[in-house]
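J.: Input: one structure, supplied below.
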Amino acid sequence: MTSTRQEARIVAADKVPTIEIIREFDAPPAHVFRAHVDPDLLAQWVGPHSLTTRITKWDARTGGEWAFANDRDGEEIASFFGSFHEVRPDERIVWTFAYEGDPDGVALETITFEAIDGGRTRLTTLSVVKDFETRDGILSSGMDVGVNEGYEKLDALLAKGA
Amino acid sequence: MDETTEQLNRVFAALADPTRRDLVARLAAADATVGELAEPYDMSLQAISKHVKVLEEAGLVTRSKVAQRRPVHLDAEVFDLMTKWIERYRRTAEERYRRLDAVLSRMSGTDQPQEDAS
């Protein structure tokens, strides 16, 4: 692994229930984008570590729909579905993201692919959910990633050794 | 819910308020009395006192019984709990993106996605 790669950074807003994950990749935006829209590639990395991802519906274009399931030992553990609101090649994907177990809870995710120096990519995923409780629910389910509240100040505080 | 989860709920709820986060940031520098804490705010002493009480119930601060001063003290150990909790989710994201790193490195040099049958 190269030394230029950064670790995933998580930022959650104070006043709106959002989770933002920022990460850089040693690959151009076109590749990172393709890893998001090609179902065979996506299945290789998305989802929890301990589970396998089975794509059940995939139409990665504006107005298209998607669905995938996570299995452990051939048994389905969880499934997710949504719509591709906008697919703009190599730049941006906006999709809805819903967990089958919580049909009223839907996240709106904006994934941005930004070209940075050295043919690399900064990937930003911003998830918006309807309220803070929903965000907590996502977190405690272990199905998604993020932080409960917007604790940038707290991060700074912790960095100071508080 | 186990005890840790309940404490986390209280801590996160306490810190969801910007005034309380500000109080915590100031207490990180030094202990202070409620009066001292209230000074910069356009807020009654009672309001600040209430905020301190929430922090106290969350286990974030303690108030010593020294004389009449009763300074508020930040209990930094609680932050370890939060850091661990946040770090767990950060790690999950990082693991996922490491797999994406691997996929991307397999892609480099190819112009078409790999469509192998495996």
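Protein chains in written order, with full-length UniProt numbering: chain A, 1 to 162; chain B, 1 to 118.
Even for Gly, the Cβ is constructed at its ideal location relative to N, Cα and C.
The structure displayed is predicted, hence computed values, not measured ones.
Specify, as a first and last residue, the run of the alpha helix (DSSP H) that T96(A) falls within.
T.: No alpha helix (DSSP H) contains T96(A), which is instead part of the beta strand (DSSP E) from R92 to Y99.
J.: Quick test of the definition: if touching needs 3 or more C-beta pairs under 8 Å, does the segment 14-34 of chain A touch the segment 120-128 of chain A?
T.: Judged by Cβ distances under 8 Å, the segment 14-34 of chain A makes contact with the segment 120-128 of chain A, as three or more pairs qualify.
J.: What is the residue span of the alpha helix (DSSP H) that D22(B) lies within?
T.: It spans P18 to A29 - the alpha helix (DSSP H) in which D22(B) sits, taken as one unbroken run.
J.: Measuring only the C-alpha atoms, how far is G59(B) from A14(B)?
T.: So the alpha carbons of these two residues sit roughly 10 Å apart.
J.: Closer than 8 Å, Cβ to Cβ, to anything on chain A: give me those residues from the segment 41-54 of chain B, in chain order.
T.: Within the segment 41-54 of chain B, no residue qualifies.
J.: Output yes if chain B places a C-beta closer than 8 Å to the C-beta of A115(A); else output no.
T.: Answer no: the Cβ-Cβ gap between A115(A) and chain B never drops below 8 Å.
J.: Quick one: is S127(A) buried, meaning 16 or more other Cβ sit within 10 Å of its Cβ, or exposed?
T.: The residue is buried, with at least 16 neighbouring Cβ atoms inside 10 Å.
J.: Is it the case that the Cβ atoms of I19(A) and R9(A) are separated by a distance below 8 Å?
T.: Not a contact, by the Cβ cut-off of 8 Å.
J.: How big is the Cα-Cα spacing for I93(A) and H51(B)?
T.: One C-alpha to the other measures close to 42 Å.
J.: Check the Cβ-Cβ distances between I93(A) and every residue of chain B, and say whether any is below 8 Å.
T.: No, no contact with chain B.
J.: How is L100(B) classed by DSSP in three states: helix, strand or coil?
T.: Reduced to three states, the DSSP call for L100(B) is helix.
J.: Between D101(B) and chain A, is the shortest Cβ-Cβ distance under 8 Å, so that the two count as touching?
T.: Output row for D101(B): interface = yes.
J.: Tell me where the beta strand (DSSP E) around G82(A) begins and ends.
T.: Taken as a continuous stretch (DSSP letters only), the beta strand (DSSP E) holding G82(A) covers E75 to R88.
J.: Can you tell me which residues form a DSSP beta bridge with T62(B)?
T.: In DSSP, T62(B) forms a bridge with H73(B).
J.: From the DSSP output, in three-state form, read off V11(A) for me.
T.: Strand, per DSSP.
J.: Give every residue of the same chain whose Cβ lies closer than 6 Å to the Cβ of D22(B), excluding the five residues on either side of it in the sequence, and list them in chain order.
T.: If we look at D22(B) and ignore the five residues flanking it on each side, it has no Cβ neighbours.
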